[in-house]
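Protein chains in written order, with the working numbering: chain A, 8 to 232; chain B, 8 to 232. Even for Gly, the Cβ is constructed at its ideal location relative to N, Cα and C. Here is the structure we will look at.
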């Protein structure tokens, strides 16, 4: 049988805890499954505005449910989420534009750093309830992820450059053209045929699309290390 | 260790294909897991109106995604869904009031028939694209599920009785008081502590709540037969 050519793209925004779950699971599977993984930081707020979508967290009874659901999912996915005291401020007031631009700029220069820096961004916002909207906060997270002082300074200085802004807009548009309305989005490409799923709860279905085996959120990867 | 006292309630409406997935999975597990299962037909349209919620299927880009998602889930859950030609008519014009009242009336007289009749309702609406809004359609499904001509006639005659209407309203209110905003809802009660999940994609989490093992959508139940 001819080998299938399989790649996966993860569109995500660090403002979203469900995106964190999807990010951790797909990075755990990236060497277990026969896939090329591409992380694609996009701007969720841009998606929501363009599609005139309402964040579920803006509806009081949904917010109540989501708080319980996020904590149960955190346990299931083994991701150290702690609810921020003021999720509304994090989601809708402070937002993630600077963080997502930072990841975008990083992706243009040293893409291998996007994974550890994204993780540290989530650790701040969704695990330690720390700010992620100031340059200093972003710098601290990047430093935690192993970026040098010089690289951090350089990348922070890039945040207002047109090419960085354009690139984030382009990634967001790319997702919009697929027909998305939220985050995370996982796009599977098998021999050129693309299918996408929404959310962190479609991994068993993603596995079917990819002809791979779903072994739960914490697969045994010891034989691959 | 003292045995845990565990029960599960499934709130569902046959208008919803995701409710069908949850219904099939939970009925497969009802004798595998150590649970008492209670099926609770409620009225989704009442929930949506009371909570001023919008059906995702009313948003064009969500509808496009949902069609693909439902078919992929059908394969994953091994449930023979076929998309109706006109889901909007099924969901929003014809609706499910009569079907849900029929299940309610049935639950008051012979609760053991609620499971097979619900299944036949879904088979009509979500597998064979047949009507489910006329007495004759409901009668045919009930007959398929093994109800006698006499029982069908009697139950159809009960649809406008006040006690049947009140009972469906009461079940719907009960769900609303939990804080729900859609269907299906699965309520787990472990030693008197209640938790609920929304959707057909929270079974691994439901299993954690119930201290049971999730073995995928089609568990081996041969040893229990």
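Inset, instruction - May I ask you to verify whether the stretch 205 to 213 of chain B touches the stretch 23 to 34 of chain B, counting CB pairs closer than 8 Å and requiring at least 3? - result: yes
Inset, instruction - Please report how far the alpha carbon of residue 232 of chain A lies from the alpha carbon of residue 44 of chain A, in whole angstroms. - result: Its pLDDT being 44, under 50, residue 232 of chain A is placed unreliably by the model, and the measurement read from it follows with that caveat. The straight-line gap from Cα to Cα measures roughly 17 Å.
Legend entry - Of the listed residues B:176, B:201, B:63, B:16, nearest to residue 189 of chain A (C-alpha basis): B:63
Legend entry - Neighbour flag for residue 34 of chain B against chain A, beta carbons, 8 Å: no
Inset, instruction - Please state if the CB of residue 203 of chain B and the CB of residue 197 of chain B are separated by a distance shorter than 8 Å. - result: no
Inset, instruction - Identify, in the order they occur along the chain, each residue of the same chain with its Cβ nearer than 6 Å to the Cβ of residue 138 of chain B, setting aside the five sequence neighbours on each side. - result: 144
Legend entry - Separation of residue 225 of chain B from residue 35 of chain A, as counted between CA atoms: 25 Å
Legend entry - Burial state of residue 125 of chain A, where buried means 16 or more other Cβ atoms lie within 10 Å: buried
Legend entry - Same chain only: Cβ atoms within 6 Å of residue 87 of chain B, ignoring 5 sequence neighbours per side: 134
Inset, instruction - Measuring only between beta-carbons, confirm whether residue 232 of chain A sits less than 8 Å from chain B. - result: Its pLDDT being 44, under 50, residue 232 of chain A is placed unreliably by the model, and nothing is read from it.
Legend entry - residue 204 of chain A, enclosing beta strand (DSSP E) - first and last residue: 200 to 205
Legend entry - Residue range of the alpha helix (DSSP H) that includes residue 23 of chain B: No alpha helix (DSSP H) holds residue 23 of chain B; DSSP gives it neither H nor E.
Legend entry - Distance, residue 128 of chain B Cα to residue 217 of chain B Cα: 29 Å
Inset, instruction - Reducing DSSP to helix, strand and coil, say where residue 15 of chain A ends up. - result: strand
Inset, instruction - With DSSP collapsed to three states, give me the class of residue 136 of chain A. - result: coil
Legend entry - Residue-chain proximity (residue 18 of chain A, chain B), Cβ-Cβ < 8 Å: no
Inset, instruction - Using only alpha-carbon positions, find the residue among A:215, A:192, A:21 that is nearest to residue 103 of chain A. - result: A:21
Legend entry - CA nearest to the CA of residue 17 of chain A, picked from A:154, A:187, A:199: A:187
Inset, instruction - Please determine, among B:122, B:149, B:69, B:48, the residue with the shortest C-alpha to C-alpha distance to residue 59 of chain A. - result: B:69
Legend entry - Within 9 Å of chain A by C-beta, residues of the stretch 77 to 93 of chain B in sequence order: 79, 80, 82, 83
Legend entry - Residue-level contact to chain A via CB, residue 212 of chain B, 8 Å cutoff: yes
Legend entry - Limits of the beta strand (DSSP E) - the one that residue 228 of chain A falls within: Run containing residue 228 of chain A: none; DSSP gives neither H nor E here.
Inset, instruction - Go ahead and pull the three-state DSSP assignment for residue 87 of chain B. - result: coil
Legend entry - Beta carbon proximity, residue 69 of chain B to chain A, threshold 8 Å: yes
Legend entry - Nearest to residue 76 of chain A (by Cα), restricted to the options A:65, A:50, A:115, A:24: A:24
Legend entry - residue 53 of chain B at chain A interface by Cβ criterion, 8 Å: no
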